[in-house]
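Working notes for the structure below.
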Amino acid sequence: MDERQIDCVPDDGWHAAMGAFADVHYEQTAIYGSGQRGERSSHILLRREGTPVAGARIGLYLVPYLGRGMALVRFAPFWRSFDVAPDPERYRTAVAALVDEYCRRRKLYLVLRPRPHPDFYPIEAKILAEMGLAGSTSSMLDRYFVDASLDEAEQQKSLDQRWRYNLRKGLAHGLEVRIGEAPADIKTFQEIYAEMVRRKNLNYPGVDLPASIPDLMRLPERMKMRIALAYHDGKPIGGIAFSVVGDLAYYVFGATSDEATALNAGYVLQWHVMRWLRENTKVRWYELGGPGDPGIRQFKKGLAGKRGVLLAVREFHYCPDVTARVVVGGLFALRDARNRIQRWQRERRPSEGRRSN
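To convert a position in the sequence shown, counted from 1, into my numbering, add 10.
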């Protein structure tokens with residue numbers, strides 16, 4: 011029987027355990043789960059004969075005095091160890107542990123968002139449905155993926171025609187792109203990002219997350235973030251914070267100046283990142299995040315191209331407790347109203363910010 015470690019694993023031990031899995035995500039780090047969203051953080055780690063076999067961090071939203079609320083699992087549980095062939099029963103066991111701890115024992119409403127992956131998300135979604143979790147469609151969870159395994163010529167052919175045209179225009183400007191992880195690289199990126207936030211008056215949940223980049227740089231090698239910076243005439247004008255986390259690469263943050271936009275630096279930066287991934291990693295899929303507003307959607311769709319994927323992702327719900335269902339129903343109504351406002355705001359402002367082009 012698996013040993014369950016609940017809310018007792020220190021952060022460094024948690025990150026060390028995560029480093030052994032191919033299906034981890036930054037949302038599962040103690041850095042992202044440190045309560046910056048006004049939630050309480052919880053975690054569960056399953057061990058078999060002392061070896062971690064699955065785990066998840068959970069954000070808890072509790073209503074005072076009622077003892078009810080929501081347990082939100084973002085892009086987890088992780089269960090696919092690097093050194094063991096994937097066994098879907100591990101995933102089933104991990105989900106059962108989450109249901110037992112957070113639904114049956116704590117009487118919370120469980121919301122589980124599987125980690126988007128073109129090859130494994132369908133497997134996980136099928137298991138969740140078989141276990142009685144109800145799927146809820148939300149286009150805000152959909153993800154674009156680039157096939158990073160293509161060689162340069164194939165990647166060029168895959169690109170949308172307009173994206174390829176803008177890339178050629180950007181390359182003609184002779185921008186220099188440097189990829190690194192030094193403190194100076196982080197500082198430069200954060201300065202460009204902060205200036206962009208001020209210039210565009212950006213305000214949305216997570217707009218301040220780039221402040222966590224130094225902490226993400228200190229994660230184990232399999233989860234470390236890297237910075238790509240574009241220079242024009244020796245001056246930094248734009249950047250991308252990206253990472254390889256487990257078996258996926260991620261576009262995490264983007265920052266551009268007005269000059270970078272005019273020079274199509276976003277296209278050049280992404281092209282260099284894909285080249286770096288091809289030459290330095292074995293990942294197949296590079297995740298660009300969700301569709302976002304129309305401008306961002308067009309950029310990501312063009313980059314994913316003919317050989318990429320737009321993966322439709324659902325979140326799954328489970329709650330046997332009637333009181334918790336009523337309480338969380340109110341929370342969902344507030345969330346939906348907030349999402350409608352944010353969508354309206356995004357469509358009114360320029361297509362820049364986190365995961366921008």
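For each residue, glycine too, the CB sits at the ideal point set by N, CA and C.
Here the C-alpha atom of glutamate 162 lies approximately 17 angstroms from the C-alpha atom of glycine 180. Straight across, the Cα-Cα distance linking valine 73 with tyrosine 101 is about 30 angstroms.
Only residues of its own chain outside the window of five on either side were considered, and among them Val105, Leu122, Pro124, Gly145 and Phe326 have a CB closer than 8 angstroms to the CB of leucine 138, listed in chain order.
Here isoleucine 16 carries a strand assignment [DSSP, helix/strand/coil]. Between the C-alpha atoms of valine 278 and lysine 316 there is a straight-line separation of about 19 angstroms.
Within the same chain, and ignoring the five residues on either side of alanine 322 in sequence, the residues whose Cβ sits closer than 6 angstroms to its Cβ are Asp152. The segment 63-113 contains, as complete alpha helix (DSSP H) runs of 4+ residues, the segments 98-108 (chain order). Counted as a single uninterrupted DSSP element, the stretch harbouring alanine 32 is not any beta strand (DSSP E), since DSSP gives it neither H nor E. Listed in chain order, the beta strand (DSSP E) runs fully inside the segment 109-145 are 119-123, counting runs of at least 3 residues.
Between the segment 71-86 and the segment 331-342 there are three or more C-beta pairs closer than 8 angstroms, enough to call the two in contact. DSSP lists Asp157 and Leu258 as the bridge partner or partners of tryptophan 295. For glycine 60, the three-state secondary structure derived from DSSP is coil. For leucine 239, the beta-bridge partners assigned by DSSP are Arg188 and Gly249. Take the alpha-carbon of alanine 265 and the one of proline 220: they are about 10 angstroms apart.
For aspartate 17, the CB contacts under 7 angstroms within the same chain, skipping 5 residues up- and downstream, are Ser52 and His53 in chain order. Annotated three-state conformation of glycine 276 is helix, per DSSP.
Residues Tyr71, Leu118, Tyr119, Val121, Val338 and Leu341 of the same chain have their beta carbon placed closer than 7 angstroms to that of methionine 80, with the five preceding and five following residues left out of the count. In this chain, the beta strand (DSSP E) harbouring arginine 324 covers 324-328.
Relative to isoleucine 189, the option among Pro87, Gln166, Gly249 and Pro224 whose CA is nearest is Gly249. Serine 222 and tryptophan 173 have their C-alpha atoms some 31 angstroms from each other. Histidine 25 sits in a helix when the DSSP states are folded into three classes. Collapsing the DSSP output to three states places valine 217 in coil. For isoleucine 54, the secondary structure class from DSSP, reduced to helix, strand or coil, is strand. Under the three-state reduction of DSSP, glycine 302 is assigned to coil, being neither helix nor strand. The residues Leu120 and Tyr328, in chain order, have a CB closer than 7 angstroms to that of valine 109 in the same chain once the five nearest residues on each side in sequence are set aside.
The alpha-carbon of alanine 107 is positioned some 21 angstroms away from that of proline 126. A residue is called buried once 16 or more other Cβ atoms fall within 10 Å of its Cβ, and aspartate 195 is buried on that count. Here alanine 265 carries a strand assignment [DSSP, helix/strand/coil].
With fewer than 16 other CB atoms across the displayed protein chains lying within 10 angstroms of its CB, alanine 192 is exposed.
Counting only the Cα atoms, threonine 103 lies some 11 angstroms from methionine 141. In the structure shown, the three-state DSSP call for leucine 181 is helix.
If you compare the alpha carbons of Ala30, Gln200, Asp21 and Tyr36 with that of valine 63, the shortest gap goes to Ala30.
Under a 10 Å Cβ-count criterion, asparagine 213 is classified as exposed, with fewer than 16 other Cβ atoms of the shown protein chains found around its own Cβ.
Residue nearest to glycine 216 within the set Tyr42, Glu13, Pro304 and Leu226 is Tyr42 (criterion: CA-CA distance).
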